[in-house]
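What follows is a single structure, written as structure tokens, with notes after it.
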Amino acid sequence: MQSKMITDNMPARRRTGTSSSPNFDVSDKEVAYKLKRKRNNDAVKKTREKSKQMARRRKENVEKLRISNKQLEAKIEEVKKNVEKLKEILLHKVSPKQHEQAIKKILEESSDADD
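Residue numbers (full-length UniProt numbering): 1 to 115.
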């Protein structure tokens with residue numbers, strides 16, 4: 001009778017993972033794993049989409065900067081031409097009346113280009 005008392009006080013043994021016994025821990029783990037994978041996949045999709053958007057924005061910004069750069073280069077060339085004209089006027093000792101006409105012409109050209 002004493003041996004029966006010992007077994008009554010002992011906890012039941014856990015079964016080892018056999019295919020015939022239902023193992024709720026494993027299915028709970030599988031559900032948790034699948035949920036974790038789904039969350040991770042969603043996060044990856046979100047991150048990749050954000051990365052694509054950033055790349056598109058950078059590409060658009062680069063294109064805008066190229067256009068702006070071309071406009072600025074054209075403006076620089078125009079200013080260089082005006083400087084050369086002014087140098088010619090000063091170096092060739094043109095009459096003051098012609099100086100004024102040339103300067104007015106240059107100023108008109110640059111104000112027309114600004115509009």
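For every residue, glycine included, the Cβ atom is placed at its ideal position computed from N, Cα and C.
Rounded straight-line distance, which links the Cα of ASN40 to that of TYR33: A direct Cα-to-Cα measurement between TYR33 and ASN40 gives close to 10 Å.
If ILE106 sits next to LYS85, beta carbons under 8 Å apart, how far is it from one beta carbon to the other, in whole angstroms? The Cβ separation is near 6 Å, so the contact holds.
Would you list, in sequence order, the uninterrupted beta strand (DSSP E) runs of no fewer than 3 residues that lie entirely inside the segment 67-101? If we require 3 residues or more, the segment 67-101 turns out to have no beta strand (DSSP E) run fully inside it.
Given this structure, state the Cα-to-Cα distance separating LYS50 from HIS99, to the nearest angstrom. LYS50 and HIS99 have their C-alpha atoms roughly 60 Å apart.
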